[in-house]
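Participant:
2 protein chains.
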Amino acid sequence: MTASALKTRSRSRSDKPNRPATVLKDVARLAGVSSATVSRALNAPNLLDVATLTRVQDAVRKLRYVPNGQARALRSQRSFTIGAIVPSFDYALYARATSSLEREIEPRGYALILASNHYDLKTELRLTRALIERGVDAFMFVGSDHDPELFVLLKEFGRPYVLTWGIDRSGQHPSIGFDSQAATRTMTEHLIRLGHREFGLISAPHEGNDRARERSAGVREALRAHGLDLKDSHVQYAPIALSAGTLAMEKLLALRDRPTAVVATNDVVAVGALMACRKAGVGVPGEISITGVDNTDLGATQTPALTSIQTPIMEVGRLAANYLTARLEGTDVEFQGELPFEIVLRDSTGPAPSAGSA
Amino acid sequence: MTASALKTRSRSRSDKPNRPATVLKDVARLAGVSSATVSRALNAPNLLDVATLTRVQDAVRKLRYVPNGQARALRSQRSFTIGAIVPSFDYALYARATSSLEREIEPRGYALILASNHYDLKTELRLTRALIERGVDAFMFVGSDHDPELFVLLKEFGRPYVLTWGIDRSGQHPSIGFDSQAATRTMTEHLIRLGHREFGLISAPHEGNDRARERSAGVREALRAHGLDLKDSHVQYAPIALSAGTLAMEKLLALRDRPTAVVATNDVVAVGALMACRKAGVGVPGEISITGVDNTDLGATQTPALTSIQTPIMEVGRLAANYLTARLEGTDVEFQGELPFEIVLRDSTGPAPSAGSA
DNA sequence: GCCTCATATGTAATCGTTTACATCAAGCTA
DNA sequence: TAGCTTGATGTAAACGATTACATATGAGGC
Numbered sequence: 583m584t585a586s587a588l589k590t591r592s593r594s595r596s597d598k599p600n601r602p603a604t605v606l607k608d609v610a611r612l613a614g615v616s617s618a619t620v621s622r623a624l625n626a627p628n629l630l631d632v633a634t635l636t637r638v639q640d641a642v643r644k645l646r647y648v649p650n651g652q653a654r655a656l657r658s659q660r661s662f663t664i665g666a667i668v669p670s671f672d673y674a675l676y677a678r679a680t681s682s683l684e685r686e687i688e689p690r691g692y693a694l695i696l697a698s699n700h701y702d703l704k705t706e707l708r709l710t711r712a713l714i715e716r717g718v719d720a721f722m723f724v725g726s727d728h729d730p731e732l733f734v735l736l737k738e739f740g741r742p743y744v745l746t747w748g749i750d751r752s753g754q755h756p757s758i759g760f761d762s763q764a765a766t767r768t769m770t771e772h773l774i775r776l777g778h779r780e781f782g783l784i785s786a787p788h789e790g791n792d793r794a795r796e797r798s799a800g801v802r803e804a805l806r807a808h809g810l811d812l813k814d815s816h817v818q819y820a821p822i823a824l825s826a827g828t829l830a831m832e833k834l835l836a837l838r839d840r841p842t843a844v845v846a847t848n849d850v851v852a853v854g855a856l857m858a859c860r861k862a863g864v865g866v867p868g869e870i871s872i873t874g875v876d877n878t879d880l881g882a883t884q885t886p887a888l889t890s891i892q893t894p895i896m897e898v899g900r901l902a903a904n905y906l907t908a909r910l911e912g913t914d915v916e917f918q919g920e921l922p923f924e925i926v927l928r929d930s931t932g933p934a935p936s937a938g939s940a
Numbered sequence: 583m584t585a586s587a588l589k590t591r592s593r594s595r596s597d598k599p600n601r602p603a604t605v606l607k608d609v610a611r612l613a614g615v616s617s618a619t620v621s622r623a624l625n626a627p628n629l630l631d632v633a634t635l636t637r638v639q640d641a642v643r644k645l646r647y648v649p650n651g652q653a654r655a656l657r658s659q660r661s662f663t664i665g666a667i668v669p670s671f672d673y674a675l676y677a678r679a680t681s682s683l684e685r686e687i688e689p690r691g692y693a694l695i696l697a698s699n700h701y702d703l704k705t706e707l708r709l710t711r712a713l714i715e716r717g718v719d720a721f722m723f724v725g726s727d728h729d730p731e732l733f734v735l736l737k738e739f740g741r742p743y744v745l746t747w748g749i750d751r752s753g754q755h756p757s758i759g760f761d762s763q764a765a766t767r768t769m770t771e772h773l774i775r776l777g778h779r780e781f782g783l784i785s786a787p788h789e790g791n792d793r794a795r796e797r798s799a800g801v802r803e804a805l806r807a808h809g810l811d812l813k814d815s816h817v818q819y820a821p822i823a824l825s826a827g828t829l830a831m832e833k834l835l836a837l838r839d840r841p842t843a844v845v846a847t848n849d850v851v852a853v854g855a856l857m858a859c860r861k862a863g864v865g866v867p868g869e870i871s872i873t874g875v876d877n878t879d880l881g882a883t884q885t886p887a888l889t890s891i892q893t894p895i896m897e898v899g900r901l902a903a904n905y906l907t908a909r910l911e912g913t914d915v916e917f918q919g920e921l922p923f924e925i926v927l928r929d930s931t932g933p934a935p936s937a938g939s940a
């Protein structure tokens with residue numbers, strides 16, 4: 583059932599990029615003006631006489647002139663490039679927020695340069711240094727867990743940045759996001775109201791992931807407020823992958839005092855958990871309620887459809903773009919640091935099984 | 583059910599990036615060598631006396647020196663940046679392949695610069711020009727549908743590139759991918775063997791999307807080979823979104839000569855179709871078989887689990903990275919142009935409902 | 001008719017590296 | 001010992017734009 587073929591190709595010499603066919607000076611010569619005038623035609627056209635401007639523009643077109651960004655950036659200290667460093671692209675959510683950022687900056691003449699830190703803060707620091715080296719003007723990061731050195735670096739090079747997904751309570755850093763802790767707290771309270779008393783938690787690993795930490799904290803907060811307990815045995819850590827969610831749920835199912843409600847810190851592991859129940863023949867929501875976070879298509883299309891939390895990820899990307907470009911252009915910025923989330927009730931949650939049956 | 587707060591912040595002056603605190607010359611002075619020697623310490627350390635080298639390295643550390651990539655790129659005509667232009671990030675597959683590319687080039691000192699063309703070839707051309715302007719050394723594109731001018735541009739500036747996902751049959755362009763047409767042909771043949779005679783096709787819009795075209799062609803090819811017909815009414819075009827897939831399927835369900843097998847050109851619309859059947863109470867695979875392409879988590883976790891085609895997307899990203907870096911380094915490249923796919927049978931396909939029942 | 005000012009353009013220095021070429025010392029050959 | 005090679009380093013000219021400053025021209029005020 584596979585189609586395959588082999589095709590090889592080899593080259594012996596390096597393909598060093600060509601030097602540009604035409605440089606600014608050539609345009610100047612053809613248009614019969616100085617290089618300064620060509621530069622102005624490109625960057626501040628309204629300074630020029632209309633006749634001169636069109637003459638230059640014709641020359642640009644005729645010579646198929648493409649400016650050299652390196653030279654421009656070297657001299658002007660601006661590369662019109664924005665960097666985004668995300669934990670991973672395997673979780674589609676980060677990709678979408680980044681895409682939303684890109685969509686917003688592209689028409690403004692900025693390009694996106696992207697890297698993923700694989701949830702490692704040292705990697706993130708290294709990547710950021712590499713991007714500063716490349717002249718990236720401003721940065722978007724995810725979350726508030728970062729190497730302290732990162733901010734030293736950013737400050738030293740005067741690069742604007744914004745932390746996303748979460749809200750920086752310290753007030754030290756500009757941030758755009760939503761309250762992860764409140765999100766899972768609200769969700770947990772909902773489950774408590776449904777009569778659940780025995781809870782399970784499946785969380786992404788906490789290290790370098792403040793979102794997961796806050797979401798876990800939200801669950802604990804709600805439980806504590808209602809005098810309920812969350813036993814260590816009822817907390818499972820799972821990397822963001824279906825199989826990990828399934829494995830975690832299997833452990834929870836094996837417990838003597840099995841939870842009747844399981845809160846997962848993201849949709850992927852929640853769906854993994856759902857699969858575990860399906861496989862084990864455990865009824866959802868009859869015997870166990872399961873919830874996720876992020877309201878993905880993945881969760882929404884399950885049977886039963888996953889109750890989740892709609893998080894404003896596209897908005898995060900959009901606002902981050904606005905904030906950063908405004909900082910770079912020197913215009914006033916007024917931005918909403920905290921965005922709303924919304925609980926989306928579906929079919930994976932229901933009343934706790936009647937307590938008397940035990 | 584929402585949490586929200588307002589937090590504003592404003593700035594009046596532009597945050598133009600700082601000029602770097604230290605430049606190469608400073609390092610040279612501190613180390614007591616010429617600037618050429620510092621440059622060598624950075625780029626060709628083995629040319630230097632060990633004592634000199636360590637002296638320079640100490641100076642670099644002490645001054646927290648970060649080289650200026652613009653200047654380096656301007657002079658050396660190399661930016662150590664690779665560009666990827668994908669149709670969209672909303673379909674997670676492109677994000678994953680790109681991520682795989684990034685993972686591969688990052689340790690080799692290259693950064694990824696990313697843009698999406700939103701399935702528009704003119705946009706792609708514009709983006710490519712913007713990236714060449716920024717000194718991007720090499721490019722990855724998706725598919726074989728491109729503005730002819732694109733290749734003129736790439737050639738003019740001597741930028742290596744590779745087309746991915748598909749295989750360029752013309753032999754004009756280096757490409758890495760799999761045979762989309764064979765994939766859906768194989769799938770369709772499987773369905774024919776299961777006894778299906780009345781087919782439906784849900785495809786992504788063909789314009790600027792050769793993958794969709796080829797996948798559609800694969801279905802038609804198999805049907806033609808078996809003397810079967812695909813009526814125009816049985817072909818629906820749907821952008822890659824659940825709702826579009828649902829809508830398309832609803833149209834197919836409304837047909838008098840309703841298909842017993844529906845091939846979709848991607849998992850997302852296939853799942854959308856599945857939802858339409860669920861909603862309409864149409865049994866899958868009892869009354870209708872449905873298949874997707876790409877073998878995503880989304881499809882695999884459905885009830886019934888979606889039969890699909892495993893495509894080698896991570897491998898595509900990895901090999902594209904290998905090819906491009908090799909071209910840039912001038913080392914010999916031998917790359918597999920065509921990768922295997924694999925049909926993954928699950929529960930959304932089954933024998934055609936017995937013909938006699940009509 | 002002179003001075004001022006605004007507008008349009010040119011001159012040339014500059015951004016921070018890399019790299020061709022030059023230099024010099026030391027080691028080796030014959 | 002002269003001559004050649006090799007290895008380590010320095011000198012200075014690029015790379016291709018932007019931009020501070022200078023200049024020229026014409027309009028307007030008085």
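Each protein sequence line maps, in turn, to chains A and B.
So in the numbering used here the end of the first sequence lands on 940, straight run, no missing numbers.
So in the numbering used here the end of the second sequence lands on 940, straight run, no missing numbers.
All C-beta atoms in this analysis are idealised placements derived from N, C-alpha and C, irrespective of residue type, glycine included.
Considering just the uninterrupted stretch of the alpha helix (DSSP H) at F733 (chain A), what are its terminal residues?
Facilitator: Position 151 of the first sequence, counted from the first residue, corresponds to residue 733 (chain A). F733 (chain A) -> alpha helix (DSSP H) spans 730 to 738.
Participant: For the stretch 737 to 762 of chain A, enumerate the residues whose C-beta is nearer than 7 Å to any C-beta of chain B, in chain order.
Facilitator: Within the stretch 737 to 762 of chain A, the residues whose Cβ lies closer than 7 Å to some Cβ of chain B are E738, F739, G740, R741, P742, P756, D761, listed in chain order.
Participant: Within 10 angstroms of its Cβ, does F733 (chain B) collect 16 or more other Cβ (buried), or is it exposed?
Facilitator: Here the question's residue 733 (chain B) lines up with position 151 in the second sequence. Counting Cβ neighbours within 10 Å, F733 (chain B) comes out exposed, since fewer than 16 surround it.
Participant: Please report the distance separating the alpha-carbon of E911 (chain A) from that of V615 (chain B).
Facilitator: Working through the first sequence from its first residue, we reach residue 911 (chain A) at position 329. Working through the second sequence from its first residue, we reach residue 615 (chain B) at position 33. The straight-line gap from Cα to Cα measures roughly 39 Å.
Participant: Note down, in chain order, every chain B residue with its Cβ under 7 Å from the Cβ of Q884 (chain A).
Facilitator: Position 302 of the first sequence, counted from the start, is the residue given in the question as residue 884 (chain A). Under the 7 Å cutoff, chain B gives T883.
Participant: Per DSSP, which residues does L856 (chain A) bridge with? Please list them.
Facilitator: Along the first sequence, read from residue 1 onward, the residue named residue 856 (chain A) stands at position 274. Paired residue(s): none; L856 (chain A) is not in a bridge.
Participant: Given 8 Å as the limit, is there contact between the stretch 797 to 810 of chain A and the stretch 724 to 743 of chain A, that is, 3 or more CB pairs closer than that?
Facilitator: As far as the Cβ criterion goes, the stretch 797 to 810 of chain A does not touch the stretch 724 to 743 of chain A, which means the pair count is below three.
Participant: Below 8 Å on C-beta distance, what does I695 (chain A) contact in chain B?
Facilitator: As a working mapping, residue 695 (chain A) is identified with position 113 in the first sequence. Under the 8 Å cutoff, chain B gives T663, A693, L694, I695, L696.
Participant: List the whole-angstrom C-beta distance separating V875 (chain B) from T889 (chain B), where the pair is believed to meet the contact cut-off of C-beta under 8 Å.
Facilitator: As a first step, residue 875 (chain B) is located in the second sequence; it is residue number 293 there, counting from the start. As a first step, residue 889 (chain B) is located in the second sequence; it is residue number 307 there, counting from the start. Wrong, their Cβ atoms sit about 10 Å apart, outside the cutoff.
Participant: State the CB to CB distance for the pair Q652 (chain A) and Q652 (chain B), rounded to an integer number of angstroms; the pair is presumed to be in contact (CB under 8 Å).
Facilitator: Taking the first residue of the first sequence as 1, we reach residue 652 (chain A) at position 70. Taking the first residue of the second sequence as 1, we reach residue 652 (chain B) at position 70. 5 Å between Cβ atoms; contact.
Participant: Just how far apart, CA to CA, sit L773 (chain A) and G759 (chain A)?
Facilitator: Stepping through the first sequence from its first residue, residue 773 (chain A) is reached at position 191. Stepping through the first sequence from its first residue, residue 759 (chain A) is reached at position 177. For L773 (chain A) and G759 (chain A), the distance between alpha carbons rounds to 24 Å.
Participant: For E715 (chain B), would you say it is in contact with chain A, using Cβ-to-Cβ distances shorter than 7 Å as the test?
Facilitator: Numbered from 1 along the second sequence, position 133 holds the residue referred to as residue 715 (chain B). Yes - at least one Cβ of chain A is within 7 Å of the one on E715 (chain B).
Participant: Just the Cα atoms here: how many angstroms apart are A697 (chain A) and A603 (chain A)?
Facilitator: Stepping through the first sequence from its first residue, residue 697 (chain A) is reached at position 115. Stepping through the first sequence from its first residue, residue 603 (chain A) is reached at position 21. For A697 (chain A) and A603 (chain A), the distance between alpha carbons rounds to 31 Å.
Participant: Determine the DSSP secondary structure at K819 (chain A), reduced to helix, strand or coil.
Facilitator: Residue 819 (chain A) sits at position 237 when you count from the first residue of the first sequence. It should be pointed out that residue 819 (chain A) corresponds to Tyr in this sequence rather than to Lys. Three-state result, Y819 (chain A): strand.
Participant: Would you verify that the beta carbon of D879 (chain A) is, or is not, closer than 7 Å to some beta carbon of chain B?
Facilitator: As a working mapping, residue 879 (chain A) is identified with position 297 in the first sequence. For D879 (chain A), the answer is yes, since a Cβ of chain B falls inside 7 Å of its Cβ.
Participant: Evaluate R751 (chain B) with the Cβ neighbour count: other Cβ atoms within 10 Å of its Cβ, from every protein chain shown; 16 or more gives buried, anything less gives exposed.
Facilitator: Position 169 of the second sequence, counted from the first residue, corresponds to residue 751 (chain B). Classification of R751 (chain B): exposed, given that the 10 Å Cβ count is below 16.
Participant: What in chain A is Cβ-close to T680 (chain B), meaning under 9 Å?
Facilitator: Taking the second sequence and counting its residues from 1, the one referred to as residue 680 (chain B) is at position 98. In chain order: F671, A677, L696.
Participant: Is the separation between the beta-carbon of A820 (chain B) and that of I784 (chain B) shorter than 7 Å?
Facilitator: If you number the second sequence from 1, residue 820 (chain B) lands on position 238. If you number the second sequence from 1, residue 784 (chain B) lands on position 202. For A820 (chain B) and I784 (chain B), yes; Cβs fall inside 7 Å.
Participant: Would you call the CB atoms of A804 (chain B) and T770 (chain B) closer than 7 Å?
Facilitator: Against the second sequence, residue 804 (chain B) aligns to sequence position 222. Against the second sequence, residue 770 (chain B) aligns to sequence position 188. Result yes, Cβ atoms of A804 (chain B) and T770 (chain B) sit closer than 7 Å.
Participant: I'd like to know whether the C-beta atoms of I749 (chain B) and G863 (chain B) end up nearer to each other than 7 Å.
Facilitator: For the purposes of this step, residue 749 (chain B) is identified with residue 167 of the second sequence, where counting begins at 1. For the purposes of this step, residue 863 (chain B) is identified with residue 281 of the second sequence, where counting begins at 1. Contact: no.
Participant: For E731 (chain A), does the count of other Cβ atoms within 10 angstroms reach 16, so buried, or fall short, so exposed?
Facilitator: Numbered from its first residue, the first sequence carries residue 731 (chain A) at position 149. Counting Cβ neighbours within 10 Å, E731 (chain A) comes out exposed, since fewer than 16 surround it.
Participant: How would you call V668 (chain B), buried or exposed, if buried means at least 16 neighbouring beta carbons within 10 angstroms?
Facilitator: To locate residue 668 (chain B), count along the second sequence from 1; it is residue 86. Buried.
Participant: Applying a beta-carbon distance threshold of less than 7 Å, which residues of chain A neighbour A674 (chain B)?
Facilitator: Here the question's residue 674 (chain B) lines up with position 92 in the second sequence. Chain A residues near A674 (chain B): A674, A677.
Participant: Measure how close the beta-carbons of T746 (chain B) and I695 (chain B) come, nearest whole angstrom, since I'm counting them as under 8 Å.
Facilitator: To locate residue 746 (chain B), count along the second sequence from 1; it is residue 164. To locate residue 695 (chain B), count along the second sequence from 1; it is residue 113. That belief does not hold up - the Cβ atoms of T746 (chain B) and I695 (chain B) are roughly 16 Å apart, past 8 Å.
Participant: How close, in whole Å, do the beta carbons of S930 (chain A) and S871 (chain A) come, if the pair is a contact with beta carbons under 8 Å?
Facilitator: Counted from its first residue, the first sequence places residue 930 (chain A) at position 348. Counted from its first residue, the first sequence places residue 871 (chain A) at position 289. Right, the Cβ-Cβ distance comes to about 6 Å (below 8 Å), so this counts as a contact.
Participant: Counting only Cβ pairs nearer than 9 Å, list the residues of chain B close to V853 (chain A).
Facilitator: Looking up residue 853 (chain A) in the first sequence gives position 271. Within chain B, the residues near V853 (chain A) are D879, T883.
Participant: Should A623 (chain A) and L630 (chain A) be called a contact, given that it needs their Cβ atoms to be closer than 7 Å?
Facilitator: Translated into the one-based positions of the first sequence, residue 623 (chain A) becomes position 41. Translated into the one-based positions of the first sequence, residue 630 (chain A) becomes position 48. Yes, the Cβ-Cβ distance between A623 (chain A) and L630 (chain A) is below 7 Å.
Participant: Indicate whether I822 (chain B) and V850 (chain B) have their beta-carbon atoms separated by less than 7 Å.
Facilitator: Within the second sequence, residue 822 (chain B) is the residue found at index 240, counting from 1. Within the second sequence, residue 850 (chain B) is the residue found at index 268, counting from 1. Cβ atoms of I822 (chain B) and V850 (chain B): closer than 7 Å.
Participant: In whole angstroms, what is the alpha-carbon distance linking P886 (chain A) and G777 (chain B)?
Facilitator: Locating residue 886 (chain A) in the first sequence gives position 304, counting from the first residue. Locating residue 777 (chain B) in the second sequence gives position 195, counting from the first residue. Looking at the two C-alpha atoms, the distance is approximately 31 Å.
Participant: Could you pull out every unbroken alpha helix (DSSP H) segment of at least 4 residues lying fully inside the stretch 642 to 709 of chain B, listed in chain order?
Facilitator: Complete alpha helix (DSSP H) runs here, min 4: 651 to 658, 674 to 687.
Participant: The stretch 643 to 658 of chain A: which residues have C-beta closer than 8 Å to a C-beta of chain B, in chain order?
Facilitator: Residues passing the 8 Å Cβ filter: R646, V648, P649, N650, G651, Q652, A653, A655, L656.
Participant: Could you give the residue range of the alpha helix (DSSP H) that holds A764 (chain A)?
Facilitator: Sequence index remark: in the first sequence, residue 764 (chain A) carries index 182 (1-based). Note, A764 (chain A): alpha helix (DSSP H), 762 to 775.
Participant: Between A902 (chain A) and T768 (chain B), what straight-line distance do the alpha-carbon atoms span, to the nearest angstrom?
Facilitator: The residue you call residue 902 (chain A) lines up with position 320 of the first sequence. The residue you call residue 768 (chain B) lines up with position 186 of the second sequence. Roughly 45 Å separates the two Cα atoms.
Participant: A603 (chain A) touches chain B at which residues, Cβ-Cβ below 7 Å?
Facilitator: In the first sequence, residue 603 (chain A) corresponds to position 21, counting from 1. Result: E738.
Participant: Just the chain A side, please: which residues come within less than 8 Å of M722 (chain B) by C-beta, in chain order?
Facilitator: Taking the second sequence and counting its residues from 1, one reaches residue 722 (chain B) at position 140. Within chain A, no residue comes near M722 (chain B); the closest Cβ sits about 13 Å away, beyond 8 Å.
Participant: Report the option in B:A855, B:A677, B:G865 whose CA atom is closest to the CA atom of G881 (chain B).
Facilitator: Walking along the second sequence from the start, residue 881 (chain B) turns up at place 299. Here the closest residue by C-alpha is B:A855.
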